[in-house]
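Residue numbers (full-length UniProt numbering): 1 to 230.
From the three backbone atoms N, C-alpha and C, an ideal C-beta is built for every residue, glycine too.
A quick write-up on the structure given underneath.
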């Protein structure tokens, strides 16, 4: 059986000093195969775009990170596995500055751990070669994400996070987005695990159904729900 983790947490948007809701929702109608993403909006700005990866040692393009598909097992997702336990950065260039309504991030695990997501999302209005999130003249922090609170998971599992403003406003206008990811601290397994980030969606405007979830569940308490898929 496969699982999808859904979570409710909180994120913070620096621009405008307003609070943004961070929601993980289960919107799959064909999740038993993980072959399509039915919740990808037609206004997904990232579809087909290259995703650059950066770590200490070099850069390369992530595999199939914006194709709109989720592989069915580890072999289909291993190319996006992080090497070692260091901080990895993923960057998407949208080609021009766009109003961002929602950002979805998907991670896969073959052991119930590596689907957890710990990352900070940044935006830049300009085309930049920089992967340095500490460069305040280039990057603006949008939100921080940590879904490591789920426990007792095993087997093929998907973790999905969605970032958007709980008041319906855009997250901001950006040309490039940068995910600064960290390994998951899983102490009962003897240290850290590397998350496998498989798919990134960048949606132009918030969707009404998603906004309703924030109104219903907004708050700072992490909520984990698991749904078993046959």
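Straight-line gap, residue i to residue j (C-alpha atoms, nearest Å)
| i | j | result |
| --- | --- | --- |
| residue 130 | residue 198 | 22 angstroms |
| residue 176 | residue 120 | 14 angstroms |
| residue 94 | residue 45 | 7 angstroms |
| residue 170 | residue 109 | 31 angstroms |
| residue 174 | residue 97 | 5 angstroms |
| residue 194 | residue 115 | 9 angstroms |
| residue 89 | residue 148 | 19 angstroms |
| residue 233 | residue 165 | Residue 233 is absent from the structure shown; the chain starts at 1 and stops at 230. |
| residue 92 | residue 182 | 18 angstroms |
| residue 49 | residue 146 | 25 angstroms |
| residue 52 | residue 102 | 20 angstroms |
| residue 132 | residue 105 | 20 angstroms |
| residue 127 | residue 163 | 22 angstroms |
| residue 54 | residue 196 | 14 angstroms |
| residue 47 | residue 125 | 19 angstroms |
| residue 117 | residue 66 | 17 angstroms |
| residue 204 | residue 159 | 22 angstroms |
Cβ-Cβ separation, residue j to residue i (assumed contact under 8 angstroms), whole Å
| i | j | result |
| --- | --- | --- |
| residue 180 | residue 87 | 6 angstroms |
| residue 140 | residue 172 | 7 angstroms |
Buried or exposed (CB count within 10 angstroms, at least 16 for buried), residue i
| i | result |
| --- | --- |
| residue 99 | exposed |
| residue 123 | buried |
| residue 161 | buried |
| residue 135 | exposed |
| residue 255 | Residue numbering for the chain in the displayed model covers 1 to 230; residue 255 lies beyond these limits and cannot be assessed. |
| residue 107 | buried |
| residue 137 | exposed |
| residue 23 | Note that residue 23 scores 48 on pLDDT, short of 50, meaning its location in the model is unreliable; the coordinates nonetheless yield the value given after this. By the neighbour-count rule (16 or more Cβ atoms within 10 Å), residue 23 is buried. |
As assigned by DSSP and simplified to three states, the class of residue i
| i | result |
| --- | --- |
| residue 166 | coil |
| residue 52 | strand |
| residue 182 | coil |
| residue 176 | strand |
| residue 93 | strand |
| residue 45 | coil |
| residue 233 | No answer is possible for residue 233: it lies beyond the span of the chain, which begins at 1 and ends at 230. |
| residue 135 | coil |
| residue 159 | strand |
| residue 87 | coil |
| residue 107 | strand |
| residue 143 | strand |
| residue 127 | coil |
| residue 99 | strand |
Residue i: CB within 7 angstroms of a non-hydrogen atom of the ligand FMN
| i | result |
| --- | --- |
| residue 93 | As far as ligands go, the structure on display features none, and thus does not contain the ligand FMN. |
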